[in-house]
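For reference, the structure is listed below as structure tokens.
In this note's numbering, the protein residues as written are 622 to 1050.
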């Protein structure tokens, strides 16, 4: 009797038109959605497509988002954006989103991420879409050019690491703390693996927090990260006007009870403290007490992983009735225009700016080493972004610590890294 399959194996099998696949097999799959941004997309694809004498295999299944060079700060970035816009128009790409946010959030906001899909993205954090029960992986420009030309690619079926969380988080602990903890616990060298997040704690998470888990599968070194689709997934998609037509089929994607995993891990959510990663790698993580008192010059809330509306609301809980410390700057770059609109409508934006936060345009910004928010020589920053490699946010001598929006906001108030939990006492979740 054939053994069961993991969620990832089921998705790949469907896309390969196979009844089943096993880890280690190399198969050819059809792509449901291919996307890229202004840095990785048209300007990289165009010369190769021209040399091959082909266009896009299906413009309706290609999405392009301008989120890196926005807004243009010089003639070079303006030219890149113009090229991106011209390419989208010339090739009939209707899913072109110009300066409205970061691709990894904009695409789900527009209902383009569907359970069971195979998604190829021209960015390493493409796995964020796995929160919807997809196989979503990042590819380099050459592979992406071939994908948008043919609608197909090859996949080496990955083994799956299963990570289960049980129990409830303490107030002030979030999915970002989970991922910083896992970066230390599992390490960053998990290539040729997928990671599947499961357990009662994950099932209780909203989509925004599930997106954090899957986004930072990239930091673990995994091919992708996944969460099985369920009622939370369906509710999100229904609310944005993109309901799942066959919920039973989506539910059936869940890993079988007898599926085989590379490794399995179980953790207690109640035992997890706020986590902080030290420069210059996400695996240099300790509980916040291990970095207590480190003085900061800048606190940054931004990026696809750390500036969704839920993240801004976390920061606002800490900042309400408080002020950013003298000599410290707090910069906030909402992950999308929709995030900014929601934050304005519910008062979150008022709370943040009243506390002294500086609002920046939506886009990848300082997380990608671009635009506003870069660091000078010797400066120290705490950030809600996903990476803190040397020189990534400015000068090579700068130091970047990583934390949740709670921890970043608390550090902005204190002027140094500190536990956010005491600042949340007496506030409503």
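Every residue, glycine too, gets a C-beta built ideally from N, C-alpha and C.
Residue i, buried or exposed, once every other Cβ within 10 Å from all chains shown has been counted against 16
i: residue 653; result: buried
i: residue 840; result: buried
i: residue 685; result: buried
i: residue 1047; result: exposed
i: residue 763; result: exposed
i: residue 715; result: exposed
i: residue 919; result: buried
i: residue 761; result: exposed
i: residue 1019; result: buried
i: residue 1041; result: buried
i: residue 703; result: exposed
i: residue 697; result: exposed
i: residue 944; result: exposed
i: residue 666; result: buried
i: residue 671; result: exposed
i: residue 1035; result: buried
i: residue 929; result: buried
i: residue 1008; result: buried
i: residue 867; result: exposed
i: residue 965; result: exposed
i: residue 873; result: exposed
i: residue 624; result: exposed
i: residue 694; result: exposed
i: residue 777; result: exposed
Distance CB(residue i)-CB(residue j) smaller than 8 Å
i: residue 787; j: residue 887; result: yes
i: residue 941; j: residue 974; result: no
i: residue 906; j: residue 809; result: no
i: residue 639; j: residue 648; result: yes
i: residue 632; j: residue 659; result: no
i: residue 883; j: residue 736; result: no
i: residue 878; j: residue 626; result: no
i: residue 904; j: residue 805; result: yes
i: residue 1015; j: residue 954; result: no
i: residue 752; j: residue 832; result: yes
i: residue 939; j: residue 1031; result: yes
i: residue 851; j: residue 824; result: yes
i: residue 978; j: residue 956; result: no
i: residue 855; j: residue 743; result: no
i: residue 722; j: residue 1005; result: no
i: residue 875; j: residue 628; result: yes
i: residue 937; j: residue 969; result: yes
i: residue 750; j: residue 729; result: yes
i: residue 901; j: residue 1038; result: no
i: residue 718; j: residue 727; result: yes
i: residue 1033; j: residue 933; result: no
i: residue 991; j: residue 725; result: no
i: residue 734; j: residue 755; result: yes
Coil, strand or helix - residue i by DSSP
i: residue 888; result: strand
i: residue 836; result: helix
i: residue 643; result: coil
i: residue 824; result: helix
i: residue 1003; result: strand
i: residue 908; result: strand
i: residue 782; result: strand
i: residue 1032; result: helix
i: residue 815; result: strand
i: residue 803; result: helix
i: residue 831; result: helix
i: residue 787; result: strand
i: residue 984; result: coil
i: residue 996; result: strand
i: residue 841; result: coil
i: residue 1023; result: strand
i: residue 794; result: coil
Test: residue i CB closer than 8 Å to a CB of chain B
i: residue 1020; result: Any reference to chain B falls outside this structure, which holds one protein chain only.
- Item | Uninterrupted alpha helix (DSSP H) stretches inside the stretch 713 to 778 (no shorter than 4 residues) | 724 to 730, 762 to 771
- Task: Please specify which runs of the beta strand (DSSP E), each continuous and at least 3 residues long, are wholly inside the stretch 913 to 979, giving them in chain order.
- Result: 919 to 922, 950 to 953
- alpha helix (DSSP H) runs contained entirely in the stretch 655 to 716, provided each spans 4 or more residues: 663 to 673, 696 to 711
- For the stretch 1020 to 1030 and the stretch 897 to 906, state whether three or more C-beta atom pairs, one from each stretch, are separated by less than 8 Å. yes
- Okay, do the stretch 765 to 784 and the stretch 860 to 867 touch, 3+ Cβ pairs below 8 Å being the bar? no
- Every unbroken beta strand (DSSP E) inside the stretch 844 to 904 [3 residues or more]: 845 to 847, 884 to 889, 896 to 898
- Query: With contact counted as at least three CB pairs below 8 Å, one residue from each stretch, are the stretch 998 to 1018 and the stretch 702 to 711 in contact?
  - Reply: no
- Do the stretch 811 to 823 and the stretch 839 to 858 meet, that is, are 3 or more Cβ pairs less than 8 Å apart? yes
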